[in-house]
Amino acid sequence: MIPEDLRYTAEHEWVAGDGTGAVRVGITHFAQDALGDIVYVQLPDPGSVVAAGDSLGEIESTKSVSEIYAPVSGTVAARNEALGDTPEVINTDPYGAGWLVEITPDDPTAVDGLLTAGAYRELAES
Numbered sequence: 049m050i051p052e053d054l055r056y057t058a059e060h061e062w063v064a065g066d067g068t069g070a071v072r073v074g075i076t077h078f079a080q081d082a083l084g085d086i087v088y089v090q091l092p093d094p095g096s097v098v099a100a101g102d103s104l105g106e107i108e109s110t111k112s113v114s115e116i117y118a119p120v121s122g123t124v125a126a127r128n129e130a131l132g133d134t135p136e137v138i139n140t141d142p143y144g145a146g147w148l149v150e151i152t153p154d155d156p157t158a159v160d161g162l163l164t165a166g167a168y169r170e171l172a173e174s
């Protein structure tokens, strides 16, 4: 379950969009499956500036608390407010309604440097 049209990070985040506008960010099916039942999500406020590789929030599950890392540097354009009441949607729809934030990248070409679906699949299977 690794959509071909997305880009990925080694930390199991996905990115939708080509970087010319805001990109949507979430965690992969692999990540949500490893976490187990998600019970809480802490996300940055819109307008927050994030740096690629830095923590931008946390996901808490019944098993553990995990950091969410910014896949690109930029400004948070939006966050998924629905996750405040229903964080478990990340488990059921990680590539759809379970998205986390939208980031307007500082460098539109930064998305090109992320992993392709094939490269992420190799990472996740190793």
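When we follow my numbering, the leftmost residue of the sequence shown carries the number 49, and every step to the right adds one.
Beta carbons are placed, not taken as given, at the ideal position from N, Cα and C, and that holds for glycine.
It should be emphasised that the depicted structure is a prediction, and the values quoted were computed from it without experimental measurement.
Practice task
Select from I116, G144, D53 and H77 the residue whose C-alpha is nearest the C-alpha of E173.
Solution key: Counted from its first residue, the sequence shown places residue 173 at position 125. Among I116, G144, D53 and H77, the Cα nearest to that of E173 belongs to H77.
Handout entry: S114, buried or exposed, once every other Cβ within 10 Å from all chains shown has been counted against 16
Key = In the sequence shown, residue 114 corresponds to position 66, counting from 1. By the neighbour-count rule (16 or more Cβ atoms within 10 Å), S114 is buried.
Handout entry: Limits of the unbroken beta strand (DSSP E) element including V124
Key = Within the sequence shown, numbered from 1, the residue matching residue 124 stands at position 76. G122 to R127 is the span of the beta strand (DSSP E), which, as asked, contains V124.
Problem - Segment contact, 8 Å Cβ cut-off, at least three pairs: the stretch 139-146 with the stretch 65-80 - result: yes
Practice task
Determine, using beta-carbon pairs with one atom in the stretch 84-97 and one in the stretch 64-73, whether at least three such pairs fall under 8 Å.
Solution key: no
Exercise for the section: Tell me whether T57 is buried or exposed, calling it buried when 16 or more other Cβ atoms sit within 10 Å of its Cβ. Expected result: Residue numbering aside, residue 57 sits at position 9 when the sequence shown is read from its first letter. T57 is buried by the Cβ-count criterion.
Handout entry: Environment of E170 [buried if 16+ CB atoms lie within 10 Å]
Key = Against the sequence shown, residue 170 aligns to sequence position 122. Exposed, by the Cβ-count rule.
Handout entry: Inter-residue spacing [alpha-carbon to alpha-carbon] between V124 and L163
Key = By 1-based counting over the sequence shown, the position of residue 124 is 76. By 1-based counting over the sequence shown, the position of residue 163 is 115. Answer to the nearest angstrom: the Cα atoms are 21 Å apart.
Practice task
Please check the pair V120 and V159, which I expect to be a contact at CB under 8 Å, by giving their CB distance rounded to whole angstroms.
Solution key: Reading the sequence shown from its first residue, position 72 is the one you call residue 120. Reading the sequence shown from its first residue, position 111 is the one you call residue 159. Indeed, because the Cβ distance is near 6 Å, the residues count as touching under 8 Å.
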